[in-house]
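Here's the structure we're looking at; comments come further down.
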Amino acid sequence: MQHPPFRPFDTLLDRDRAQALLAQATQGADDGELFLERRRSEVLSFDDGRVRTASYDASEGFGLRAVKGEAAGYAHSTEISQAALTRAAQTARLAVAEGGGTLADSPQPTNRRLYTDADPMSGATFGVKLETLREIDAFARALDPRVVQVSATLAASLQEVHILRPDGMLLSDTRPMTRLNVAVIVEENGRRESGSHGGGGRTGLEGLILRDHWQTTAREALRIALVNLRAEAAPAGVMDVALGAGWPGILLHEAVGHGLEGDFNRKGSSAFAGLMGQQVAARGVTVLDDGTIPDRRGSISFDDEGTPSGKTVLIEDGVLVGYMQDRQNARLMGVAPTGNGRRESYAHPPMPRMTNTYMLSGDSDPGDVVAEVKDGIYAVGFGGGQVDITNGKFVFSCTEAYRVKNGKVGAPVKGATLIGDGPTTMRQIRAIGNDMALDPGIGNCGKAGQWVPVGVGQPTLLIGGLTVGGAAA
Numbered sequence: 397m398q399h400p401p402f403r404p405f406d407t408l409l410d411r412d413r414a415q416a417l418l419a420q421a422t423q424g425a426d427d428g429e430l431f432l433e434r435r436r437s438e439v440l441s442f443d444d445g446r447v448r449t450a451s452y453d454a455s456e457g458f459g460l461r462a463v464k465g466e467a468a469g470y471a472h473s474t475e476i477s478q479a480a481l482t483r484a485a486q487t488a489r490l491a492v493a494e495g496g497g498t499l500a501d502s503p504q505p506t507n508r509r510l511y512t513d514a515d516p517m518s519g520a521t522f523g524v525k526l527e528t529l530r531e532i533d534a535f536a537r538a539l540d541p542r543v544v545q546v547s548a549t550l551a552a553s554l555q556e557v558h559i560l561r562p563d564g565m566l567l568s569d570t571r572p573m574t575r576l577n578v579a580v581i582v583e584e585n586g587r588r589e590s591g592s593h594g595g596g597g598r599t600g601l602e603g604l605i606l607r608d609h610w611q612t613t614a615r616e617a618l619r620i621a622l623v624n625l626r627a628e629a630a631p632a633g634v635m636d637v638a639l640g641a642g643w644p645g646i647l648l649h650e651a652v653g654h655g656l657e658g659d660f661n662r663k664g665s666s667a668f669a670g671l672m673g674q675q676v677a678a679r680g681v682t683v684l685d686d687g688t689i690p691d692r693r694g695s696i697s698f699d700d701e702g703t704p705s706g707k708t709v710l711i712e713d714g715v716l717v718g719y720m721q722d723r724q725n726a727r728l729m730g731v732a733p734t735g736n737g738r739r740e741s742y743a744h745p746p747m748p749r750m751t752n753t754y755m756l757s758g759d760s761d762p763g764d765v766v767a768e769v770k771d772g773i774y775a776v777g778f779g780g781g782q783v784d785i786t787n788g789k790f791v792f793s794c795t796e797a798y799r800v801k802n803g804k805v806g807a808p809v810k811g812a813t814l815i816g817d818g819p820t821t822m823r824q825i826r827a828i829g830n831d832m833a834l835d836p837g838i839g840n841c842g843k844a845g846q847w848v849p850v851g852v853g854q855p856t857l858l859i860g861g862l863t864v865g866g867a868a869a
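Mapping the sequence shown onto our numbering, position 211 (from 1) lands on 607, and the numbers just tick up by one.
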């Protein structure tokens, strides 16, 4: 079912009055905006032969911000009305105090569109979606008699935003998101293991529910589960680690990406603070954050302050050359914003966040990179992880990894964790493959209680001397 477009100024909120209240809230401020949002989402899950979840959610609201120096006043409401906006303007105004600031110029808009504005939830009927999930369940079970449980999930959402600037500029964006995920549990001789695979992006559901696509997804989930079924206990100790291309870039995202966000560096709390222009990684390492890749999960036509998304070089040939910036931190650091001011929803203020963060390819054959490992592991899949921004220390769990001895990939290992710190790890990169790939569209990033969709990517890498946690060797 198609839904009418989101036009908040056609309802209980008059645009001229909204403009006047925003101007009142930001008088004497350095910056500010009115962010209006409507979001609709749908999730269908089929688990163990039956429908587990069939949900639809709709929400809308606004957030009003006034910024003065390092202070920011923020107020939000689920009611888009003049009365609610009046109260919000009074609250946000408190951060401006006596004023004295000069409003920053609004960002220069573009006509760039990186994704469709069609509603992904209307790309197929409820019946078609449900039947697709039933078919996935039956197909995965028929692939191998060891399959004992299958879970399949289709998710789609549409976010519509309007950003009103104090000078009257109005920017509008419609942001779709879809995802398909399949998880499989297999059992043999009393041992159970699992595997999952999926992906999506800022596209419609049509491509995800094609038979060829979901069959490939189900086969990959089963492959991973069967790999884990024969996995041995992981070794422990300091050893060389080869990382696969694509999704293993999540380690780069956590261990390095967060440390290159502007707010952490302005405040001096990042392990990379004060290192601009210095060698922070091995030669040949170039890392970018790029929100302009069409249809990708982390891409945005413009950020949640209205700045067009950009392609920002963070590390070039091992040298730190840039940070990711929102408007407030960029102004305080005397640099230009990079289109990285993002927020989870209207109920959250923007902050510097990653979009699609990846490392460029090198010139080595991926097979040669792995062959350089004399005694270590080859990790191609990752689950959860955590990082301490102040020192870059990280811990990541591997969902698919293999033992490597004398350059030969051997048995899969289970229970491996990678432990290290971002700055040291970046300097210990010894080989870079020529096979850079982006993840399939599954990334979510948390920061200060806010979650936003992101993308990651990298080529095959060889890192010398990472600590691997696992069972005793």
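Glycine residues also receive a C-beta, built at the ideal position from the N, C-alpha and C atoms.
Under DSSP, glycine 779 forms no beta bridge with any residue.
In the structure shown, lysine 663 adopts coil according to DSSP, grouped into three states. A contact between stretches requires three or more CB pairs, one per stretch, nearer than 8 Å, and the region 485-492 fails this requirement with the region 517-527. Note: glycine 633 is bridge-paired with Val864 in the DSSP secondary-structure output. Taking every protein chain shown into account, the CB of glutamine 674 has fewer than 16 other CB atoms within 10 angstroms, so this residue is exposed.
DSSP links tyrosine 452 through a beta bridge to Glu438. Judged by DSSP secondary structure, aspartate 831 falls outside any beta strand (DSSP E); it is assigned neither H nor E. Rounded to whole angstroms, threonine 863 and aspartate 784 show a C-alpha spacing of 16 Å. For alanine 450, same chain residues with a beta-carbon under 6 Å away, outside a window of 5 residues either side, are Leu440 in chain order. The beta carbon of proline 516 sits closer than 6 Å to those of Ala552, Pro572, Thr574, Gly600, Leu601, all from its chain and outside the five residues before and after it, given in chain order. Secondary structure of lysine 801 (DSSP, three-state): strand. Proximity to proline 704 across Pro503, Gly845, Ala468, Gly718 peaks at Pro503, based on C-alpha coordinates. Taking 9 Å as the cut-off, the Cβ atoms of alanine 797 and valine 776 count as close. For asparagine 577, the secondary structure class from DSSP, reduced to helix, strand or coil, is strand.
Within the region 744-798, the complete beta strand (DSSP E) segments of 3 residues or longer fall at 752-755, 771-784, listed in chain order. Shown here, arginine 413 sits in a helix according to DSSP, grouped into three states. For leucine 526, the enclosing alpha helix (DSSP H) covers residues 522-539. Put simply, of Gly702, Asp426, Arg446 the residue whose alpha carbon is nearest the alpha carbon of isoleucine 559 is Gly702. Residue pairing by DSSP places aspartate 569 opposite Val557 in a beta bridge. Glycine 564 and leucine 460 have their C-alpha atoms roughly 14 Å apart.
Assignment of beta-bridge partners to asparagine 840 by DSSP yields Pro849.
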